[in-house]
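Trainee:
Number of protein chains: 2
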Amino acid sequence: MRKLTNWLISKITKMEKATDTEQKILNAAKLVFQEKGMAGARMQEIADKAGINKALLHYYFRSKEKLFRKIFEEIVQKFLTPIISEMNSEKPLEVKIWTFAESYMNMLTANPHIPLFMMHELHSNPKALQEIAHKNISLNGALLQKQINEEVAKGNFKPISFLELIVNMLSLSVFPFVAKPMLKAVFGIPDEKFNQLIEQRKIAIPKLIIAGLKADCN
Amino acid sequence: MRKLTNWLISKITKMEKATDTEQKILNAAKLVFQEKGMAGARMQEIADKAGINKALLHYYFRSKEKLFRKIFEEIVQKFLTPIISEMNSEKPLEVKIWTFAESYMNMLTANPHIPLFMMHELHSNPKALQEIAHKNISLNGALLQKQINEEVAKGNFKPISFLELIVNMLSLSVFPFVAKPMLKAVFGIPDEKFNQLIEQRKIAIPKLIIAGLKADCN
DNA sequence: GTCTATAAAGGGATAGAC
DNA sequence: GTCTATCCCTTTATAGAC
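Heads up: the sequence lines are chains A and B, in that order. Numbering follows the working numbering, in which position 198 of the first sequence is assigned residue number 200; successive positions increment by one, without gaps. Numbering follows the working numbering, in which position 121 of the second sequence is assigned residue number 123; successive positions increment by one, without gaps.
(1) Taking the C-alpha atoms as reference points, what is the distance between THR21/A and GLY190/B?
(2) Ordered along the chain, which non-local residues of its own chain (more than five positions away) have a Cβ less than 8 Å from that of PRO94/B?
(3) Look at GLU104/A and LYS209/A and say whether their C-beta atoms are less than 8 Å apart.
(4) Starting from GLY214/A, trace the alpha helix (DSSP H) both ways and give me its first and last residue.
(5) Measuring straight from C-alpha to C-alpha, what distance separates SER65/A and GLY53/A?
(6) Check whether the Cβ of HIS60/A lies closer than 8 Å to any Cβ atom in chain B.
(7) Comparing C-alpha positions only, which one of GLY214/A, LEU215/A, VAL169/A, GLU201/A sits nearest to PHE196/B?
(8) Exposed or buried, which one is GLY214/A when buried takes at least 16 other CB atoms within 10 Å?
(9) Closest Cβ-Cβ distance between GLU166/A and chain B: below 8 Å?
(10) In whole angstroms, what separates the C-alpha of MET184/A from that of ALA130/B?
(11) Sort PRO84/B, GLU24/B, PRO117/B by Cα distance to PHE102/B and report the nearest one.
(12) Going along the chain, which residues of its own chain have a beta-carbon closer than 7 Å to the beta-carbon of ILE77/A, five neighbours each way excluded?
(13) In the DSSP assignment, find the alpha helix (DSSP H) that holds ASN170/B and state where it starts and stops.
(14) Tell me, which residues are paired with PHE159/A by DSSP?
(15) Quick check on HIS115/B: does DSSP put it in helix, strand or coil?
(16) Using the Cα positions of PHE74/A and GLU88/B, report the straight-line distance between them to the nearest angstrom.
(17) Does the region 157–167 of chain B come within contact of the region 141–148 of chain B, defined as at least 3 CB pairs closer than 8 Å?
(18) So what's ASN55/B in DSSP terms, helix, strand or just coil?
(19) Within this structure, are the beta carbons of GLY42/B and ALA41/A separated by less than 8 Å?
(20) Kindly give me the distance between the Cβ atoms of LYS72/B and PHE63/B, rounded to whole angstroms, as I take these residues to be in contact under 8 Å.
(21) From the DSSP output, in three-state form, read off SER87/B for me.
(22) At a CB-CB cut-off below 7 Å, which residues of chain A make contact with ALA135/B?
(23) Quick check on VAL176/A - is its C-beta less than 8 Å from some C-beta in chain B?
(24) Apart from the five residues just before and just after SER91/A, which ones in its own chain have a Cβ nearer than 6 Å to its Cβ?
(25) With respect to the alpha helix (DSSP H) encompassing ILE134/A, which residues constitute its N-terminal and C-terminal limits?
(26) Does chain A have any CB closer than 8 Å to the CB of ALA41/B?
(27) Please state whether the Cβ-Cβ distance between PHE179/A and PRO114/A is less than 8 Å.
(28) Tell me which residues share the same chain as VAL34/B and place their Cβ nearer than 8 Å to its Cβ, disregarding the 5 neighbours each side in the sequence.
(29) Reducing DSSP to helix, strand and coil, say where PHE63/B ends up.
(30) So, using beta-carbon positions, are LEU174/A and ILE200/A closer together than 8 Å?
(31) Between the alpha carbons of GLU96/B and VAL154/B, how many angstroms are there, rounded?
(32) Please determine, among ALA112/B, ALA187/B, HIS122/B, LEU172/B, the residue with the shortest C-alpha to C-alpha distance to GLN132/A.
(33) Relative to the alpha-carbon of GLN198/A, which residue among GLN25/A, HIS125/A, MET107/A, ILE99/A has its alpha-carbon at the smallest distance?
(34) Helix, strand or coil: how does DSSP classify LEU142/A here?
(35) In three-state DSSP terms, what is SER126/B?
(36) I need the DSSP call for GLU104/B, collapsed to helix, strand or coil.
See below:
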């Protein structure tokens with residue numbers, strides 16, 4: 003009986019330690035991969051940041067490749083889900099435009115490295131997304147286009163394809179985070195001023211997008 | 003006399019070969035570095051693409067680091083010079099906006115990998131640009147701001163900082179090239195449709211920017 | 001200048017003890 | 001589960017012949 007109890011305790015302890023360690027690894031890996039990319043990341047650095055050693059990394063995730071995929075999938079999800087679910091919602095078009103900019107830039111402010119990381123890795127391995135993309139809900143372009151066309155019919159908006167609209171919104175929202183190092187260097191912008199710029203864009207972007215849509219602006 | 007002639011011919015031949023080989027290396031390195039980034043690039047691949055062997059790479063450029071810097075500087079120049087010289091020109095503001103979008107996207111169409119490469123490398127080594135930036139002419143923000151303020155005073159434009167304006171123009175023009183792999187995967191866009199999108203944006207971007215500036219659009 | 005061969009370092013992955 | 005020690009392949013860089 004005593005033996006059984008000890009066995010249980012040990013088992014549970016190990017399980018807790020396991021999930022704990024696994025989480026520490028994932029957190030460390032997320033940091034390092036986002037900072038250096040797949041090619042630039044070093045298993046040693048991930049181990050150090052997680053407070054363990056390389057061997058244990060391979061015990062949990064058999065290879066660098068496997069560990070990377072896990073992180074990559076998670077980040078792709080985080081990047082795409084908000085866009086897709088917002089655009090697929092039944093809200094009125096103008097509401098979507100307003101809420102998307104604010105909520106998305108909030109997410110990016112909390113995770114500023116996501117866009118550049120994702121774009122870079124996607125560029126060096128375009129097939130990687132194909133599989134992941136199919137696991138997710140996909141964007142309902144038809145719905146969005148229908149909403150646009152309704153506004154056009156009412157004489158409120160000029161015609162535009164949903165793709166153009168999304169590219170415009172993504173460009174204006176995401177690019178500053180991708181270009182942050184350049185903006186800092188070329189214009190000498192300190193962090194504080196960058197944050198102000200982002201804050202201000204949560205309002206400026208919807209305004210710009212809508213001004214571009216309005217039929218009475220030539 | 004015959005000997006001297008031969009020596010000269012050999013010397014000249016070697017010189018020609020030298021600049022020729024150097025150029026082949028630089029071209030190959032440009033391709034590989036842009037495709038894989040500094041960390042992902044392999045000297046072997048550069049040598050193969052240049053039609054020579056690794057040893058010769060090190061003969062011309064002592065290290066991967068040195069070769070990379072050369073390429074990186076050239077690309078930064080190519081990315082920044084058009085923006086800066088266009089914005090520093092004395093043309094009227096609206097003309098700048100129109101010509102920038104078209105000429106810049108033409109350059110990017112011919113060199114589609116430049117933005118992502120530059121952003122990625124700048125992210126992993128922010129100090130690198132500091133030195134390069136100082137070698138170049140810098141953007142004259144005061145001139146641009148003066149032009150904006152004049153239009154505001156005339157009642158044509160709403161107030162905006164030159165930084166916001168530039169970030170908007172850069173975002174809309176550059177982001178599609180950075181996001182191309184994602185757009186292809188998520189929206190299933192083939193190359194041909196992507197090119198159409200870019201072509202169409204040469205006109206759509208200036209229109210959008212100016213609609214956002216016009217005082218009579220709310 | 002260009003090559004082949006090789007040194008030297010880096011870094012992912014495994015063996016085996018605890 | 002976690003560690004130390006080590007393997008071994010990859011990749012940068014150099015030596016030396018032609």
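Every residue, glycine too, gets a C-beta built ideally from N, C-alpha and C.
Mentor: The structure says:
(1) The sequence position of residue 21/A within the first sequence is 19, counting from 1. The sequence position of residue 190/B within the second sequence is 188, counting from 1. Answer to the nearest angstrom: the Cα atoms are 38 Å apart.
(2) The residue labelled residue 94/B in the question sits at position 92 within the second sequence. Answer for PRO94/B: GLN149, listed in chain order.
(3) Numbered from its first residue, the first sequence carries residue 104/A at position 102. Numbered from its first residue, the first sequence carries residue 209/A at position 207. Not closer than 8 Å, so no.
(4) What you label residue 214/A is simply residue 212 of the first sequence in a count that begins at 1. Run containing GLY214/A: 193–215, per the alpha helix (DSSP H) assignment.
(5) Locating residue 65/A in the first sequence gives position 63, counting from the first residue. Locating residue 53/A in the first sequence gives position 51, counting from the first residue. Each residue's Cα considered, the two are about 18 Å apart.
(6) Counting from 1 along the first sequence, the entry for residue 60/A is found at position 58. HIS60/A has a beta carbon lying at 8 Å or more from every beta carbon in chain B.
(7) Within the second sequence, the letter at position 194 stands for residue 196/B. It is VAL169/A.
(8) As a working mapping, residue 214/A is identified with position 212 in the first sequence. Buried, since its Cβ has 16 or more Cβ neighbours within 10 Å.
(9) In the first sequence, residue 166/A corresponds to position 164, counting from 1. Cβ-Cβ to chain B under 8 Å: yes for GLU166/A.
(10) The sequence position of residue 184/A within the first sequence is 182, counting from 1. The sequence position of residue 130/B within the second sequence is 128, counting from 1. Whole-angstrom Cα-Cα distance: 11 Å.
(11) Position 100 of the second sequence, counting from 1, holds the residue named residue 102/B. Among PRO84/B, GLU24/B, PRO117/B, the Cα nearest to that of PHE102/B belongs to PRO84/B.
(12) Stepping through the first sequence from its first residue, residue 77/A is reached at position 75. Taken in chain order, the residues that qualify are ILE116, PHE119, MET120.
(13) Here the question's residue 170/B lines up with position 168 in the second sequence. That run of the alpha helix (DSSP H) goes 164–189.
(14) Walking along the first sequence from the start, residue 159/A turns up at place 157. BP columns for PHE159/A point to LYS216/A.
(15) Residue numbering aside, residue 115/B sits at position 113 when the second sequence is read from its first letter. DSSP places HIS115/B in coil when its eight states are reduced to three.
(16) Residue numbering aside, residue 74/A sits at position 72 when the first sequence is read from its first letter. Residue numbering aside, residue 88/B sits at position 86 when the second sequence is read from its first letter. Each residue's alpha carbon lies about 39 Å from the other.
(17) yes
(18) Within the second sequence, the letter at position 53 stands for residue 55/B. ASN55/B falls in the coil class under three-state DSSP.
(19) Residue 42/B sits at position 40 when you count from the first residue of the second sequence. Residue 41/A sits at position 39 when you count from the first residue of the first sequence. Yes, the pair counts as a contact, with Cβ atoms nearer than the cut-off.
(20) What you label residue 72/B is simply residue 70 of the second sequence in a count that begins at 1. What you label residue 63/B is simply residue 61 of the second sequence in a count that begins at 1. Cβ-Cβ separation between LYS72/B and PHE63/B: approximately 7 Å, consistent with a contact (criterion under 8 Å).
(21) Counting from 1 along the second sequence, the entry for residue 87/B is found at position 85. SER87/B falls in the helix class under three-state DSSP.
(22) Along the second sequence, read from residue 1 onward, the residue named residue 135/B stands at position 133. Within 7 Å Cβ-Cβ: ALA187, VAL188.
(23) Your numbering for residue 176/A matches position 174 in the first sequence. VAL176/A belongs to the set of residues whose beta carbon lies under 8 Å from a beta carbon in chain B.
(24) In the first sequence, counting from the first residue as 1, residue 91/A sits at position 89. Counting only Cβ-Cβ distances below 6 Å, and skipping sequence neighbours, we find nothing.
(25) Indexing the first sequence from 1 puts residue 134/A at position 132. Element bounds for ILE134/A: 129–137.
(26) As a working mapping, residue 41/B is identified with position 39 in the second sequence. Answer yes: the Cβ-Cβ gap between ALA41/B and chain A drops below 8 Å somewhere.
(27) Against the first sequence, residue 179/A aligns to sequence position 177. Against the first sequence, residue 114/A aligns to sequence position 112. In this structure, PRO114/A lies closer than 8 Å to PHE179/A by Cβ.
(28) Start at 1 with the first residue of the second sequence, and residue 34/B comes out as number 32. Around VAL34/B: ALA43, ARG44, GLU47, ILE48, LYS51.
(29) The residue labelled residue 63/B in the question sits at position 61 within the second sequence. Of the three classes helix, strand and coil, the one that applies to PHE63/B here is coil, per DSSP.
(30) By one-based count along the first sequence, residue 174/A stands at place 172. By one-based count along the first sequence, residue 200/A stands at place 198. No, the Cβ-Cβ distance between LEU174/A and ILE200/A is not below 8 Å.
(31) As a working mapping, residue 96/B is identified with position 94 in the second sequence. As a working mapping, residue 154/B is identified with position 152 in the second sequence. C-alpha separation (whole angstroms): 13 Å.
(32) Along the first sequence, read from residue 1 onward, the residue named residue 132/A stands at position 130. Of the residues ALA112/B, ALA187/B, HIS122/B, LEU172/B, the one whose Cα lies closest to the Cα of GLN132/A is ALA187/B.
(33) Working through the first sequence from its first residue, we reach residue 198/A at position 196. Cα-wise, what sits closest to GLN198/A is MET107/A.
(34) Taking the first sequence and counting its residues from 1, one reaches residue 142/A at position 140. The sequence as given places Asn at residue 142/A; Leu does not occur at that position. Note: ASN142/A maps to coil in three-state DSSP.
(35) In the second sequence, residue 126/B corresponds to position 124, counting from 1. SER126/B: helix per DSSP, three-state reduction.
(36) By one-based count along the second sequence, residue 104/B stands at place 102. In the structure shown, GLU104/B falls within a helical segment according to DSSP collapsed to helix, strand and coil.
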